[in-house]
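**Student:** After the structure tokens below, expect a handful of questions from me.
There are 2 protein chains.
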Amino acid sequence: MARQTTGAAQRIAVAVAALGEEKFNARRIELADAALETLGELGFARTSLREIAQNSAFTHGVFHYYFSNKLDLICCCVRHYKAKCVTRYDEVVATAQSRDQLTEGFLAKLTETLRTEARMHRLWYDLRSQAMFEAAFRKDVLEIDKSLEAMIWRIASRYAELGGTRPASSPAALYALFDGLFQSALLKHLADDEKAIPELLAEVRRLLPTIC
Amino acid sequence: MARQTTGAAQRIAVAVAALGEEKFNARRIELADAALETLGELGFARTSLREIAQNSAFTHGVFHYYFSNKLDLICCCVRHYKAKCVTRYDEVVATAQSRDQLTEGFLAKLTETLRTEARMHRLWYDLRSQAMFEAAFRKDVLEIDKSLEAMIWRIASRYAELGGTRPASSPAALYALFDGLFQSALLKHLADDEKAIPELLAEVRRLLPTIC
DNA sequence: AATTTACCTTGACAAGTGTCAAGATTCCAG
DNA sequence: CTGGAATCTTGACACTTGTCAAGGTAAATT
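Sequence order for the protein chains is A and B. One gets the numbering used here by counting positions in the first sequence from 1 and adding 6 to each. One gets the numbering used here by counting positions in the second sequence from 1 and adding 6 to each.
Right under this line is the structure:
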């Protein structure tokens, strides 16, 4: 049975059953990757399937072939984005042998992220806000938020460990703090405020010893 | 000269010059208020001028008469929203005579806000995210962010003062922390997580003595 | 009372939207 | 090689969108 003549749900089920699963999912991720480009550029509100298709090597029909609808596509994008994101600081955590090394590695990665991946991160904040309106996003968004909280907690725990102490705050509070600072710095950075990054770094440098 | 036959910029200039300014602006705010209803319900991405008009006592043409375009309307909404927002905790700050009173007043207001104004606040987070994509929003959003930071700072300063100490963090860090916690609690609350509010309260209660 | 101005309604336009299906193409098992 | 399945392209549909202008109504001014 051709995939197209059935609903997308059945299509996907059939594909999974038919051992084409891996290929099918690989294609979905390819498409999600292409979609993330345009989404990062325009944001959720202004991005249409046709716009996504035009900025990619695919035609708009393919997206309908692989995704049951627009929300399905965006959800897949969000999930895919997550995988890229949550391990960002793990290498720093694994290799740092002192508080100083961890601090400098963390700050360097933070700077690099703000400089080169601002678009992806504003999309994250966009989608997290959308989740407040669109229930279909909530599960994935809450899951990613949890992963990010765990990521921050790994950094803080390691930092504390390297000084022989324990973090002075809860995982939730630490994540809220760093996420809030990052979000604010991102907005200022996107508004061409050149002090945004240095101020963020100074703030984090000041905070790390007091809260971890 | 009739307002409609000129561009909106001129129209507004003419209105201002013609002493109709107050009436004109009052009408704009009335319209912005109506628009905020729908925006809070649907979010920026899904809200159209017609939808706004249908959920209000006005026809869609009126919005074009009072605003040069959709962005102009939304900007006005954001600015108007600000005024409602930034004084929320001032009464608590002014009347509290002890740390306990301030804490309880703050937490009560926090709860009330989450319970009764979740829609307005998700809209704020939505618009702040939009500002990362749409430059036209940035100035207003950054300004509101500053006002909110100052609002948090007033609370923290007063809390410290009531204990004869000084806040242990910068205004930026304190705002990032509370904003991050609130944002996370709001999302969970909207996802029908009944622990969202109590957990937020517990976290804030724990944090206040350590950071202020 | 007459006329100009401010305010609002209505309907239209062009562009863009998500969705879908019919047909072309590619791929692969028999 | 061949027939059928998987994949993709194309074009169409019904609908919504922001924008705007022609016209009507109410209010103010002369």
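The beta carbon of each residue, even a glycine, is placed where N, CA and C say it ideally should be. Quick caveat: nothing in here was measured; it's all calculated off a predicted structure.
#1: Counting pairs of beta carbons, one from the segment 118-136 of chain A and one from the segment 184-192 of chain A, are three or more of them closer than 8 angstroms?
#2: According to DSSP, simplified to helix, strand and coil, what is B/K201?
#3: At 4 residues or longer, what runs of the alpha helix (DSSP H) sit wholly inside the segment 72-108 of chain B?
#4: By the three-class DSSP mapping on this structure, what secondary structure does A/G49 have?
#5: Which of helix, strand or coil does DSSP assign to B/T171?
#6: Quick one: what does DSSP say B/E118 is sitting in, helix, strand or coil?
#7: Kindly indicate which residue of B/R34, B/V98, B/R144, B/Y72 has the alpha-carbon position closest to the one of B/L116.
#8: State yes or no: is the beta carbon of B/A162 nearer than 8 angstroms to at least one beta carbon in chain A?
#9: Just the Cα atoms here: how many angstroms apart are A/F30 and B/D78?
#10: Excluding the 5 residues preceding and the 5 following B/I18 in the sequence, name in chain order all residues of the same chain whose CB lies nearer than 7 angstroms to its CB.
#11: Give, in chain order, every residue of the segment 47-68 of chain B whose Cβ lies closer than 8 angstroms to some Cβ of chain A.
#12: Note down, in chain order, each residue of its chain lying with its Cβ closer than 7 angstroms to the Cβ of A/K152, except the 5 sequence neighbours on either side.
#13: Using Cβ-Cβ distances below 8 angstroms, what residues of the segment 202-217 of chain B are close to chain A?
#14: Are B/A51 and A/A51 close, meaning C-beta to C-beta below 8 angstroms?
#15: Can you check whether the C-beta of A/R85 is within less than 8 angstroms of a C-beta belonging to chain B?
#16: Taking C-beta pairs closer than 7 angstroms, name the residues in chain A that B/D185 reaches, listed in chain order.
#17: Sorted by chain position, which residues of the same chain lie with C-beta nearer than 8 angstroms to B/F73's C-beta, five sequence neighbours on each side aside?
#18: DSSP three-state label for B/N31, please.
#19: Helix or strand or just coil, what does DSSP make of B/F64?
#20: Could you spell out the range, first to last residue, of the alpha helix (DSSP H) harbouring A/S135?
#21: Would DSSP call A/E209 helix, strand or coil?
#22: For A/E2, name the three-state secondary structure that DSSP assigns.
#23: Please classify A/S54: does DSSP put it in a helix, a strand, or coil?
#24: How big is the Cα-Cα spacing for A/K201 and B/A63?
#25: Taking B/Y131 as the query, report the chain A residues whose CB atoms sit under 9 angstroms from its CB, ordered along the chain.
#26: Report, in whole angstroms, the separation of the C-beta atoms of A/S175 and A/I217, which I expect to be a contact under 8 angstroms.
#27: Just checking, does the segment 140-149 of chain B make contact with the segment 132-148 of chain A on the three C-beta pairs under 8 angstroms criterion?
#28: Out of B/L214, B/L207, B/I203, B/L154, which has the shortest C-alpha to C-alpha gap to B/R121?
#29: Since A/F112 and A/Y95 are thought to touch, with beta carbons under 8 angstroms apart, how far apart are those beta carbons, to the nearest angstrom?
#30: State the start and end residues of the unbroken alpha helix (DSSP H) segment that holds A/S190.
#31: Measuring alpha carbon to alpha carbon, tell me which residue in A/A208, A/F143, A/F184 is nearest B/A197.
#32: Note down, in chain order, all residues in the segment 32-48 of chain A with a beta-carbon under 7 angstroms from any beta-carbon belonging to chain B.
#33: Could you check which residue in B/A182, B/G46, B/W159 has the C-alpha nearest to that of B/T93?
#34: Residues of chain B with CB closer than 7 angstroms to the CB of A/S176, please, in chain order.
#35: Which residue wins for smallest C-alpha separation from B/R105, given the options B/T171, B/L183, B/A178, B/Y181?
**Tutor:** Considering the structure as presented:
#1: yes
#2: coil
#3: 76-91, 96-101
#4: coil
#5: coil
#6: helix
#7: B/V98
#8: no
#9: 44 angstroms
#10: Bear in mind that a pLDDT of 46 at B/I18, under 50, signals an unreliable position, so the number given afterwards is only what the model happens to contain. Excluding residues within five positions, none has a Cβ falling inside 7 angstroms.
#11: L48, G49, F50, A51, R52
#12: none
#13: E205, E209, R212, L213, T216
#14: yes
#15: no
#16: G186
#17: A14, R34, L37, L79, C82
#18: helix
#19: coil
#20: 124-137
#21: helix
#22: Summary: the structure shown does not reach residue 2 of chain A, with chain A confined to residues 7 through 218, and so no result is reported for it.
#23: coil
#24: 45 angstroms
#25: Y131, R134, S135, M138
#26: 5 angstroms
#27: no
#28: B/I203
#29: 6 angstroms
#30: 177-196
#31: A/F143
#32: L48
#33: B/W159
#34: E209
#35: B/T171
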